[in-house]
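Take a look at the structure below.
In our numbering, the protein residues as written are 1 to 91.
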C-alpha cells in the first residue's frame, strides 16, 4: 500500500498470472490538495478467507502521464479518447 514514486521497466522474469482479481478505484486528495487515483485489488476467487484488499496503489498526475504513454505504447488499439468513451469513463 503505497504511492507510486517512479515507473521503470523491470528486469525480473515474469509470466502471465493464472488468477484474476477485481480492482476498485477512488480519488483521494493529498494533504496539499492534489488528486491521487487510488487502486485497490481484492483477493482472487480462490482466496480461502473473506474478500479483503490485497494491494493498493496511489498514482499522482506525473505517474498518470507516464502510464498513459506506456499504455498507448503497449496496446496499439488504445488511445486516450477511445478508451474513455468505450468504457463510459469520459467526463
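Don't be surprised by glycine CBs; every beta carbon is placed ideally from N, CA and C. In this text the structure is predicted, and so the values were computed from the model without any measurement.
Whose C-beta lies closer than 8 Å to the C-beta of residue i among residues of the same chain, with five residues either side of it excluded?
i	result
residue 61	34 and 35
residue 70	7
Quick one: residues in its chain with C-beta nearer than 6 Å to the C-beta of residue i, no 5 flanking neighbours on either side, listed in chain order?
i	result
residue 26	38
Please report the residue range of the beta strand (DSSP E) in which residue i lies.
i	result
residue 28	22-29
residue 19	Neither: residue 19 is in no beta strand (DSSP E) and is coded neither H nor E.
residue 37	35-42
Let me know if residue i comes out buried or exposed under the rule of 16 or more other beta-carbons within 10 Å of its beta-carbon.
i	result
residue 59	buried
residue 75	exposed
Leaving out five residues before and five after residue i in sequence, what residues of the same chain have Cβ atoms less than 7 Å from its Cβ?
i	result
residue 66	7
residue 30	36
Any chance you could list the beta strand (DSSP E) runs of at least 3 consecutive residues sitting entirely within the stretch 49-76, in chain order?
53-59
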